[in-house]
Amino acid sequence: MQTTVSSEKKYAPPRRSEKQIGNTTFIVNSFFREKGDEGIAVKLERLMKADVQKEATT
1 MQTTVSSEKK YAPPRRSEKQ IGNTTFIVNS FFREKGDEGI AVKLERLMKA
51 DVQKEATT
């Protein structure tokens, strides 16, 4: 039986970033839904606010 993937679960091709610090190379792959309801700026702002809130409560 073959199943189909709904358009809600489709992801855009991953974005790959590389950063070298000293002798270590860090590779980060980012995945985002193609039809996401928030842009990258909104997502990053939400994540940063949550991180600051978490630090303030600990």
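Note that UniProt numbering numbers the sequence shown so that position 58 is 58, with each residue one more than the last.
By construction, the Cβ of each residue, glycine as well, lies at the ideal position given by its N, Cα and C atoms.
Nothing here was measured: the structure is a model prediction, and the numbers come from that model.
Kindly indicate which residue of G39, E55, G22, P14 has the alpha-carbon position closest to the one of F31.
Looking at the Cα atoms, P14 is the closest of the given residues.
Are the CB atoms of K35 and F26 within a distance shorter than 9 Å?
no
K19 (DSSP reduced to helix, strand or coil):
Here K19 sits in strand by DSSP.
May I have the straight-line CA-CA distance separating A50 from N23, to the nearest angstrom?
When rounded, the distance between both Cα atoms is 32 Å.
For T57, report the span of its alpha helix (DSSP H) as first-last.
40-57
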